[in-house]
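A.B. asks: Protein chains in written order, with the working numbering: chain U, 1 to 336; chain B, 337 to 672.
Where is the CB? At the ideal position from N, CA and C, for every residue including glycine.
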């Protein structure tokens, strides 16, 4: 397709973003100063906000529909971790002044189509936002809104001594995908490459799972900074500790093959980020319920350890099959 | 005070941002993935989002408390234009990687104190957000939330033939302030300089006025892109036209002195932006009510023209005291 120059702000909103709104959402086709949202009886509104920046949170050459996808999904994942259903989002798009040929009408069209795909998948609707020019890199901020029944939200601070610690899906695939995309010479089987890079580029927010575990879970969060660090966040907020068995951490076939060759790699999978799986703790009496839920939703839910009292400030202890402690050097992703 | 290095993300949140939350707001001291907000009976939630970038929307050397103030106020002004009361905001702060010495703990402390001042003034509370490092300039995105009684929101699209067009306050002072700060050699009286630069740096969102006019006004918006262009937005959304008398546009003493010297300057005041005054239209039967409201709130509310039918695509016509049309060359601020 021929390169089309970047539309001005008003055309960009009218042509590409307005079609993503729905009249009933109160956004009035993005023609007003603000959106007006109806509230929902017996529900609280859950609000989360994440900024993603080119070459910090995604590669500069990532196709724009995948950028749109990732930006929405990391926010939806936060809603999932609170036990909420996704509903709305607002978008602030900062487009680089300098690279007008790159961020042209085609780029924006592909970006808005990426948003449309995610809207259909996750039942979420654009309600407003902002578009600006920046002398800096492409930067995207999304504020996402979800509904949770009053009293059904899951916090980080509810983990209780004796709780079982669960994770959904498999751990470390996104980190391996990021490592592969970064040009590492790690020997990944060609047949596994696409799975791993997709895990990084298009995480699967566990939005149904979050709502379903809200009746069982004492605490939950999504794994964005790495399993070890995020479990530490739960423990700190709950004033408890956690003991995790490294052998029980669920790995994909792709990851397992690599760990067999290099057992030290497991530490990177545990401390790497971007999994966007749910990490949650439940009283042991609900073990069977969680097993049933895993079957029903067809999502692996794996018990990886348990919650204990807090001793000596040690929030998270990871032990191998012989009971020896595994030291994790990196404490996970630091935003700065 | 000694220069302190920048705190890491977790300390920044804990030390500087958490104190800006309140337990009842559901933000749980920013320890969770998302905030949980109670809804309000018989009210809709109004949501607006604005991004401000250093050297685009404010000068690089603006003190950080004034940056905080401006970022919050432009958002609160959008809530005001909808007739809402301000309630909450979330904040995404992108701090430059390169300038760690500039954006240090003192800068952040001063920024958070600026937020605290505005919170107290406008009854608004921090509920969450994000903090990231950017290779680009300082960038701040705020999503602000307000409440409006069901059916009481004011849209842009309700302007009706015969409506009187009003503006609050005076027009063009912020543009003059920006021009002065940009190093123009315009001859501004020294005694007026502080008033004009303050108009630019610390606009006054008309949050009380917005709620009070919601019973009278058919349409409203806040003037951010310039009076002429923003009135065009109302006319376009409402499918009407507007006729404005240039002599009736309210000017401050500072602006009036300058226009007397250079009558052409009036065009710049009408097309300049950043006023953050309310522009609204009301049926003529409410003229006395608006006059009473102006006295009660001690805010100048000036009738500058009226709404007419749309002819020949001419949205806004500005005429001088002799009835001659004034052509505005610039169509106001374009975001890109």
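Take the Cβ of residue 145(U) as the centre, count every other Cβ of all protein chains shown within 10 Å, and call the residue buried at 16 or more, exposed below.
C.D. replies: buried
A.B. asks: Less than 9 Å separating the beta-carbons of residue 438(B) and residue 537(B)?
C.D. replies: Against a cut-off of 9 Å, the Cβ pair of residue 537(B) and residue 438(B) comes out as no contact.
A.B. asks: Return the residue from the list 290(U), 310(U), 309(U) that minimises the CA-CA distance to residue 302(U).
C.D. replies: 290(U)
A.B. asks: So, using beta-carbon positions, are residue 317(U) and residue 159(U) closer together than 9 Å?
C.D. replies: Contact flag unset, no.
A.B. asks: Within this structure, are the beta carbons of residue 612(B) and residue 516(B) separated by less than 9 Å?
C.D. replies: no
A.B. asks: From which residue to which residue does the beta strand (DSSP E) around residue 372(B) run?
C.D. replies: Per DSSP, residue 372(B) belongs to the beta strand (DSSP E) from 371 to 373.
A.B. asks: Contact between the segment 582 to 598 of chain B and the segment 393 to 404 of chain B: three or more CB pairs below 8 Å?
C.D. replies: no
A.B. asks: Tell me whether residue 522(B) is buried or exposed, calling it buried when 16 or more other Cβ atoms sit within 10 Å of its Cβ.
C.D. replies: exposed
A.B. asks: How is residue 96(U) classed by DSSP in three states: helix, strand or coil?
C.D. replies: Reduced to three states, the DSSP call for residue 96(U) is strand.
A.B. asks: Buried or exposed for residue 39(U), please, with buried defined as at least 16 other CB atoms from any protein chain shown within 10 angstroms of its CB.
C.D. replies: buried
A.B. asks: Which residues in the same chain as residue 390(B) place their Cβ atom closer than 6 Å to its Cβ, once the five residues preceding and following it in sequence are excluded?
C.D. replies: 396, 473, 474
A.B. asks: In the DSSP output, what is residue 222(U) paired with across the bridge?
C.D. replies: In the DSSP secondary-structure assignment, residue 222(U) is bridged to 278(U).
A.B. asks: Between 169(U), 170(U), 165(U), 193(U), which lies nearest to residue 178(U) when the distance is taken from Cα to Cα?
C.D. replies: Of the candidates 169(U), 170(U), 165(U), 193(U), the one whose C-alpha sits nearest the C-alpha of residue 178(U) is 193(U).
A.B. asks: Whose C-alpha, out of 459(B), 504(B), 479(B), 382(B), is nearest the C-alpha of residue 559(B)?
C.D. replies: Residue 504(B) is the option with its Cα nearest to residue 559(B).
A.B. asks: Throw me the rounded Cβ distance for the residue 461(B) and residue 424(B) pair, which I believe falls under 8 Å.
C.D. replies: 6 Å
A.B. asks: I need the DSSP call for residue 415(B), collapsed to helix, strand or coil.
C.D. replies: Three-state result, residue 415(B): helix.
A.B. asks: For residue 244(U), name the three-state secondary structure that DSSP assigns.
C.D. replies: strand
A.B. asks: Apart from the five residues just before and just after residue 506(B), which ones in its own chain have a Cβ nearer than 6 Å to its Cβ?
C.D. replies: 586, 587, 588
A.B. asks: Who does residue 306(U) pair with in a DSSP beta bridge?
C.D. replies: 164(U), 243(U)
A.B. asks: Among 551(B), 414(B), 388(B), which one has its Cα closest to the Cα of residue 402(B)?
C.D. replies: Closest by alpha carbon: 388(B).
A.B. asks: Is it true that the CB of residue 464(B) sits closer than 9 Å to the CB of residue 421(B)?
C.D. replies: No, Cβ-Cβ distance for residue 421(B) and residue 464(B) is not below 9 Å.
A.B. asks: Taking the continuous alpha helix (DSSP H) assigned at residue 290(U), which residues delimit it?
C.D. replies: 287 to 297
A.B. asks: Are the C-beta of residue 402(B) and some C-beta of chain U separated by less than 9 Å?
C.D. replies: no
A.B. asks: Suppose the cutoff is 8 Å on Cβ atoms and the five residues either side in sequence are ignored; what does the same chain contact list for residue 43(U) look like?
C.D. replies: 147, 148, 149, 150
A.B. asks: List the residues of chain B whose Cβ lies closer than 9 Å to the Cβ of residue 217(U), in chain order.
C.D. replies: Ordered by position in chain B, no residue passes the 9 Å Cβ test against residue 217(U), which lies about 13 Å from the chain.
A.B. asks: Taking the CB atoms as reference points, tell me whether residue 673(B) and residue 412(B) lie closer together than 9 Å.
C.D. replies: Nothing in the structure corresponds to residue 673(B), since chain B is present only between 337 and 672.
A.B. asks: Counting only the same chain and skipping the five closest in sequence on each side, list residues whose C-beta sits under 8 Å from that of residue 534(B).
C.D. replies: 513
A.B. asks: Are the CB atoms of residue 248(U) and residue 162(U) within a distance shorter than 9 Å?
C.D. replies: Contact check for residue 162(U) against residue 248(U) fails: the beta carbons are separated by 9 Å or more.
A.B. asks: Should residue 570(B) and residue 664(B) be called a contact, given that it needs their Cβ atoms to be closer than 9 Å?
C.D. replies: no
A.B. asks: If contacts are defined as beta-carbon pairs under 8 Å, then residue 646(B) and residue 577(B) qualify, I think. What distance do you get, rounded to the angstrom?
C.D. replies: 5 Å
A.B. asks: Just the chain U side, please: which residues come within less than 8 Å of residue 463(B) by C-beta, in chain order?
C.D. replies: Within chain U, the residues near residue 463(B) are 47.
A.B. asks: Report yes or no: is there a C-beta of chain U within less than 9 Å of the C-beta of residue 672(B)?
C.D. replies: Note that residue 672(B) scores a pLDDT of 47, beneath 50, so its modelled location is shaky and nothing firm can be said.
A.B. asks: On the three-state DSSP scale, how would you describe residue 236(U)?
C.D. replies: helix
A.B. asks: Pull the bridge partners of residue 481(B) from the DSSP assignment, please.
C.D. replies: 383(B), 424(B)
A.B. asks: Which stretch, first to last residue, makes up the beta strand (DSSP E) that contains residue 589(B)?
C.D. replies: Per DSSP, residue 589(B) belongs to no beta strand (DSSP E); it is in the alpha helix (DSSP H), 589 to 597.
A.B. asks: In whole angstroms, what is the alpha-carbon distance linking residue 321(U) and residue 267(U)?
C.D. replies: 14 Å
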